[in-house]
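Last residue of the sequence shown? That's 1021 in our numbering, and every number before it is there in order. Even for Gly, the Cβ is constructed at its ideal location relative to N, Cα and C. The next block holds one structure in the form of structure tokens; read it before the comments.
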Amino acid sequence: MEKLILKKIYEKIELGEKVAMTTLTSICGSTPGKKGAFMAIFEDGSTYGTIGGGKLEYEVIKKSLEYIEKCENAEFTYKVDDKGELDTGCGGEIKGFIKIFVPSHKLIIAGAGHIALHLHKLSSMINLHTVVIDEREELLNKENFCYANELIVGKADEVLKQYSINKNTYIVIVGSNHKNDTLVLESVINSDASYIGMIGSKGKVSHILKGLIEKGISRDKIKKVYAPIGIDIASEKPEEIALGILSEIALVKNNGSLNHMKDIKNIEY
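What follows is the structure, given as structure tokens:
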């Protein structure tokens, strides 16, 4: 049973969902659960496993959902006698720990050119799990991309058709030519990624997006593509273009407003 609980936790994290694992760490007297018992609580309120059932489990599930929302770990103590919070008549005390698992945010860079070099360095600074994909082995190596978590040699569109993509995934398409970028965009446009961006001139982007519409891709899906990519920081330097791209990703990830802080705070002077 324990292996199955851990397997369920892993599966939910891979889908981009937060999970609470609740463990009973201390038992005193007569209690409904045993020390070491643990269970998983998921974002939608469903559970797997048990720590003893009854009112205790109900209260712990409720508390776990609160801490899933906060993304914080927590400890708990319950008296399980007729004078305690749970009023079960068992005559004991239970202590436990709620561990919250938060899936990592992942940046996938399709292409290993100059912008990708700078982008992968910047992404490591904000703790994004960074994946770089390119079929050019002479470019895609640990020497060039020393800050990347994963380097995958292969055609990006084919790799991404098999790669796990969820709502915590951000995809940047900065390939070597129109054809490859079109194939990559087509392979991910129906995915659950929270961000899909593609580099290119106005003409290139228009040509590619019109082509996808002709293939039956809905306009609603097309509208979600950030192309041309990045925030306008009025620069042609690869490192500054990369900064504009990562700023746009952070804006989407954090539900930012794209306003100056001085205007938001409205400081009086």
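Assigned exposure category for residue i - 16 Cβ within 10 Å defines buried
| i | result |
| --- | --- |
| ASN929 | exposed |
| MET773 | buried |
| TYR810 | exposed |
| SER856 | exposed |
| LEU961 | buried |
| SER816 | buried |
| ASP1015 | exposed |
Distance between beta carbons of residue j and residue i, contact taken as under 8 Å
| i | j | result |
| --- | --- | --- |
| THR861 | VAL884 | In the sequence under discussion, the amino acid at residue 861 is Ile, which differs from the Thr named in the question. That pair is a contact at about 5 Å. |
| LEU743 | ASN918 | Absent from the structure is residue 743, since the part of the chain shown begins at 753 and ends at 1021. |
| LEU937 | VAL977 | 7 Å |
| GLU1000 | GLY949 | 7 Å |
| GLY952 | PRO980 | 6 Å |
| ALA792 | VAL771 | 6 Å |
Distance cut-off 7 Å: residue i Cβ against heavy atoms of the ligand SAH
| i | result |
| --- | --- |
| MET773 | Absence of the ligand SAH is noted for the structure shown, with no ligands found whatsoever. |
Pick from the options that is closest to residue i, judged by C-alpha positions
| i | options | result |
| --- | --- | --- |
| LEU871 | PHE897, GLU890, GLY848, GLU889 | PHE897 |
| SER946 | LYS858, SER958, LYS894, ARG971 | LYS858 |
| ALA994 | LEU964, VAL926, LYS975, ASN1006 | VAL926 |
| ILE965 | SER987, THR775, ILE941 | ILE941 |
| MET877 | ILE1016, ALA1002, LYS1014, SER958 | ALA1002 |
| ILE761 | LYS786, SER798, THR777, TYR1021 | SER798 |
| ILE854 | SER875, VAL832, CYS823, ALA864 | In the sequence under discussion, the amino acid at residue 854 is Val, which differs from the Ile named in the question. VAL854 has its Cα closest to that of CYS823, out of SER875, VAL832, CYS823, ALA864. |
Beta-carbon proximity of residue i to residue j, cut-off 8 Å
| i | j | result |
| --- | --- | --- |
| THR921 | TYR899 | no |
| GLU890 | VAL905 | no |
| GLY1008 | ILE997 | no |
| ILE923 | ILE846 | no |
| SER939 | ASP909 | yes |
| GLU795 | GLU769 | yes |
| LYS764 | LEU776 | no |
| LYS907 | GLU887 | yes |
| GLY848 | VAL812 | yes |
Inter-stretch contact at 8 Å, needing at least 3 Cβ pairs: the region 983-991 / the region 951-970: no
The region 821-829 touching the region 798-807, judged by at least three CB pairs closer than 8 Å: no
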